[in-house]
Amino acid sequence: MRCILAAVLLSLLTGAAQAQTPPRVFGGAVSLNGIWFDDPEAEVRNDLEAGLNARASLSPHISLVGSGVYGIRNKYFRYSAGVRVTATDVDNQAFSVGLGLQYRGSGYYELKPDEWAPDASVGWRPWPQLPDVVLVAQGWYGIESDKAGALAGIRYVLPF
Amino acid sequence: MDLLTLLGLAAGRPADRVISLIDAAGNADPQLRPEADNIIAQLRSAVDPANLANVFAALPAEVKNILSGIIDPRNHPSDFA
Numbered sequence: 005m006r007c008i009l010a011a012v013l014l015s016l017l018t019g020a021a022q023a024q025t026p027p028r029v030f031g032g033a034v035s036l037n038g039i040w041f042d043d044p045e046a047e048v049r050n051d052l053e054a055g056l057n058a059r060a061s062l063s064p065h066i067s068l069v070g071s072g073v074y075g076i077r078n079k080y081f082r083y084s085a086g087v088r089v090t091a092t093d094v095d096n097q098a099f100s101v102g103l104g105l106q107y108r109g110s111g112y113y114e115l116k117p118d119e120w121a122p123d124a125s126v127g128w129r130p131w132p133q134l135p136d137v138v139l140v141a142q143g144w145y146g147i148e149s150d151k152a153g154a155l156a157g158i159r160y161v162l163p164f
Numbered sequence: 316m317d318l319l320t321l322l323g324l325a326a327g328r329p330a331d332r333v334i335s336l337i338d339a340a341g342n343a344d345p346q347l348r349p350e351a352d353n354i355i356a357q358l359r360s361a362v363d364p365a366n367l368a369n370v371f372a373a374l375p376a377e378v379k380n381i382l383s384g385i386i387d388p389r390n391h392p393s394d395f396a
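Just so you know, the protein sequences line up as chains A and B, in that order.
Note that our numbering has the first sequence beginning at 5, numbered continuously upward.
Note that our numbering has the second sequence beginning at 316, numbered continuously upward.
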């Protein structure tokens, strides 16, 4: 019993020490999303996605971001890439809001057109003892299609 | 499209869309309501014109540093959205 308590305490202390991790330029995460497309006439209205997210943090406010995901129910691949500006405290590793622009594309006809889309993103690390787990939400609208969408998901930041 | 324009675009409909999503989560589960309200308040504060003006002011210097090869990373959770 003491060994178990010691292990739990050690893991919590280790997690607390890791809550403020040194910033790195490059980062990647495994992702799981619920996604909703706001076009009432679209064949694909929502899905559950799995994939990867990546970022290159270049300055306190500016990052390059991207993702590649697979829609599990509708069997599509979708990608995005662009730039994001952090609009909250740049040194707050627990919560941030990012505003940006990404090019969103897919080989799946029902997700066309491929287009540029401004987006707003929220990221939250709710558990200090699990700093690699991030909850996210994002909204966007396509400049060409004038259609909006949103996703909510969970990320596990990879250790590299 | 310059960074100032995209910030303005992203602060409008996309931010409203995120707020709708988070609000729906708070309505679906009353236990999430306080956290949802907190996140919505922080998001609204972030896209407030006064805050965006401060963000705008910092960008030219940061772009100059990036182009000069001076990289100063941060650990933003929203980068993984």
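Think of the CB as a built atom: it goes at the ideal place given N, C-alpha and C, for glycine as much as any other residue.
In this text, all values refer to a predicted model and were calculated from it rather than measured experimentally.
Under 7 angstroms from the C-beta of residue i: neighbouring residues of chain B
| i | result |
| --- | --- |
| A:Ser110 | Those within 7 angstroms of A:Ser110 in chain B number zero; the least Cβ separation is about 18 angstroms. |
| A:Asp123 | Ala325, Pro329 |
Cβ neighbours of residue i in the same chain (closer than 8 angstroms, five flanking residues each side left out)
| i | result |
| --- | --- |
| A:Val48 | Phe41, Gly75, Asn78, Tyr80, Tyr112, Glu114, Leu115 |
| A:Ala58 | Phe30, Gly31, Gly32, Ala33, Val69, Gly70, Ser71 |
| A:Trp144 | Gln106, Arg108, Ala121, Pro122, Asp123, Ala124, Ala152, Gly153, Ala154 |
| A:Leu56 | Gly32, Ala33, Val34, Ser35, Ser71, Gly72, Val73 |
| A:Ala20 | Residue confidence is low: A:Ala20 scores 40 on pLDDT, short of 50, so the model does not pin down where it sits. Its coordinate-derived value is still stated next. Excluding sequence neighbours, A:Ala20 sits near Pro132, Gln133. |
| A:Ile147 | Glu119, Trp120, Ala121, Pro122 |
| B:Asp338 | Ala351, Ile355 |
| A:Asn50 | Gly38, Ile39, Trp40, Phe41 |
Residues near residue i in its chain [Cβ-Cβ closer than 7 angstroms; skip 5 each side]
| i | result |
| --- | --- |
| A:Ala60 | Val29, Phe30, Ser67, Leu68 |
| A:Tyr160 | Ala33, Val34, Asp136, Val137 |
| B:Leu358 | Ala330, Val333, Ile334 |
| A:Leu162 | Gly32, Ala33, Val34 |
| B:Gly341 | Leu347, Arg348, Ala351, Asp352 |
| A:Val94 | Pro64, His65 |
Coil, strand or helix - residue i by DSSP
| i | result |
| --- | --- |
| A:Asn78 | coil |
| A:Gly102 | strand |
| A:Leu52 | strand |
| A:Val94 | coil |
| A:Asn37 | strand |
| A:Ile147 | coil |
| A:Val29 | coil |
| A:Leu155 | strand |
| B:Ala325 | helix |
| A:Asn57 | strand |
| A:Ser110 | strand |
| A:Ile66 | strand |
| B:Ser383 | coil |
| B:Arg389 | coil |
Neighbourhood of residue i by C-beta distance below 6 angstroms, restricted to the same chain and skipping five residues each side
| i | result |
| --- | --- |
| A:Ala91 | Val101, Leu103 |
| A:Ala98 | Arg129 |
| A:Asn37 | Glu53, Leu155, Gly157 |
| B:Pro349 | none |
| A:Gln142 | Asp123, Ser125, Leu155 |
| A:Leu13 | Any reading at A:Leu13 needs caution, since the residue's pLDDT is 43, under 50, leaving its predicted position unreliable; the model's value is listed next. The answer is none, since no qualifying residue turns up. |
| B:Val370 | none |
Chain B contact residues for residue i, given Cβ-Cβ distances below 9 angstroms
| i | result |
| --- | --- |
| A:Ile66 | Leu318, Leu374, Glu377, Val378, Ile381 |
| A:Asn57 | Asp394, Phe395, Ala396 |
Neighbouring residues, chain B, relative to residue i (Cβ below 8 angstroms)
| i | result |
| --- | --- |
| A:Tyr145 | Arg328, Pro329, Arg332 |
| A:Trp4 | Residue numbering for chain A in the displayed model covers 5 to 164; residue 4 of chain A lies beyond these limits and cannot be assessed. |
| A:Val138 | Pro392, Phe395 |
Any non-hydrogen atom of the ligand MG closer than 7 angstroms to residue i Cβ
| i | result |
| --- | --- |
| A:Trp128 | With respect to the ligand MG, the structure shown offers nothing to examine, as it has no ligands at all. |
Proximal residues of chain A, C-beta to C-beta of residue i below 8 angstroms
| i | result |
| --- | --- |
| B:Pro364 | Correct list: empty, because the minimum Cβ distance to chain A is about 11 angstroms. |
Listed by chain order, chain A residues near residue i by CB distance under 7 angstroms
| i | result |
| --- | --- |
| B:Asn390 | Thr25, Pro27, Gln97 |
| B:Ala361 | Ala91, Thr92, Val101 |
Presumed contact (8 angstroms Cβ cut-off) between residue i and residue j, rounded CB distance
| i | j | result |
| --- | --- | --- |
| A:Pro117 | A:Ser84 | A:Pro117 to A:Ser84, Cβ: 14 angstroms. No contact. |
| A:Ser110 | A:Arg82 | 4 angstroms |
| B:Leu374 | A:Val89 | 7 angstroms |
| A:Tyr27 | B:Asn390 | The question names Tyr, yet the displayed sequence has Pro at residue 27 of chain A. Right, their Cβ atoms sit about 5 angstroms apart. |
Chain A residues whose Cβ lies nearer than 9 angstroms to that of residue i
| i | result |
| --- | --- |
| B:Pro346 | Looking at the sequence itself, residue 346 of chain B is Gln, so the reference to Pro does not match. Under the 9 angstroms cutoff, chain A gives no residues; its nearest Cβ is about 13 angstroms from B:Gln346. |
| B:Asp387 | Pro27, Ser61, Leu62, Ser63, Pro64 |
| task | May I have a chain-ordered list of the alpha helix (DSSP H) segments no shorter than 4 residues that lie completely inside the stretch 114 to 139 of chain A? | result | none
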